[in-house]
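Student: FYI, in my numbering the residues of the sequence shown are 67 to 264.
Every residue gets a Cβ at the ideal spot worked out from N, C-alpha and C, and that includes glycine.
Dropping a structure here in C-alpha cells format, bear with me for questions.
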Amino acid sequence: MNFGIIISYIIAGFLSITILMVTYNVGFSNQEVTTTLIKKTHSRSIQDIIVNDIPKIGYQNKTVLANKFVTADSDEISFYSDLNNDGTINQITWKYTDLPSPGSKNPNDNILRRTVDGDETEINVGVTSFTIRYYDEYGSTTPMATPISSSNFDDIIQIEVELELQSSYDLSYRNSDDENYITTSWQKRFSPVNLRPN
C-alpha cells in the first residue's frame with residue numbers, strides 16, 4: 067500500500083470540497099448583492115412617486131384647497147391636489163392592501179395601490195410594510211391616533227411615511243435555515259407647505 071497515493075487522494079478530496087464551498091459561497095453572495103440592488107431600485111422608484119405626491123397635498127395654483135383630505139389612516143391616505151399644475155384638482159390615494167402580491171413566494175408581500183382619479187396602479191414589487199403617521203405638532207414624537215376623523219384633518223401638519231420592501235423569494239443559506247428575505251427600508255417625514263397652520 068502506497069501511503070503517498072492515499073495522502074494525495076485525501077488532499078485532492080479536501081481541495082475539491084473547498085473549491086465547491088467557495089464556488090457556492092460566491093454564488094450565494096452574488097445572489098444576495100443582486101437582489102439587494104433590485105430591491106433598492108424598486109424602493110427608489112416608489113420613493114420618487116411618494117416624494118412627488120405628498121408635498122402637494124392641498125395644492126392649487128395661487129391658493130390652498132379648503133378640503134385637503136378624504137382619508138387619513140395608518141395604511142391609507144387620500145387627498146386632493148392639482149397634481150400636474152394644470153388647473154385640474156385630482157384625488158390621489160395611496161393604500162396598502164392585504165392582497166398578496168401575485169407570483170411572490172414571500173407571505174408578507176402585499177400589493178400597494180396608488181390611485182389618481184380612479185385610475186389604479188398596483189405596485190407589486192415586494193412591499194411588505196407601508197405605514198403612514200400623522201402629526202399635529204412639528205417635531206412631535208407622538209403621532210395622531212388613526213383613523214383621523216374629518217373634523218381633525220386641519221390639525222395635520224406633518225406626515226411620515228415608512229416603507230419596507232423584501233425579496234419575493236427566500237435567500238436562506240441552507241434549507242434548514244429560517245426564512246431569510248432581503249429587506250430594504252425607507253422612512254421620510256414631510257411638512258407639506260399647504261398644511262402649515264394659519
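1. Quick one: what does DSSP say Thr84 is sitting in, helix, strand or coil?
2. What are the residues that DSSP puts in a beta bridge with Ile198?
3. My understanding is that Val130 touches Gly124, with C-beta atoms under 8 Å, so please give their C-beta distance in whole angstroms.
4. Please determine, among Thr163, Lys171 and Leu231, the residue with the shortest C-alpha to C-alpha distance to Ser251.
5. Have a look at Ser234, Ser82, Gln113 and Ile214 and flag the residue whose alpha-carbon is nearest the alpha-carbon of Asn174.
6. Alpha carbon to alpha carbon, what distance is there between Ser74 and Ser82?
7. Answer yes or no: do Asp179 and Thr163 have a C-beta to C-beta separation smaller than 7 Å?
8. Does chain C have any CB closer than 7 Å to the CB of Ile120?
Tutor: Taking the coordinates as given:
1. helix
2. Val227
3. 5 Å
4. Leu231
5. Ser234
6. 12 Å
7. Residue identity check: residue 179 is Arg in the sequence provided, not Asp. Yes; because the gap between Cβ atoms is below 7 Å, this pair is in contact.
8. No chain C is part of this structure, which consists of one protein chain only.
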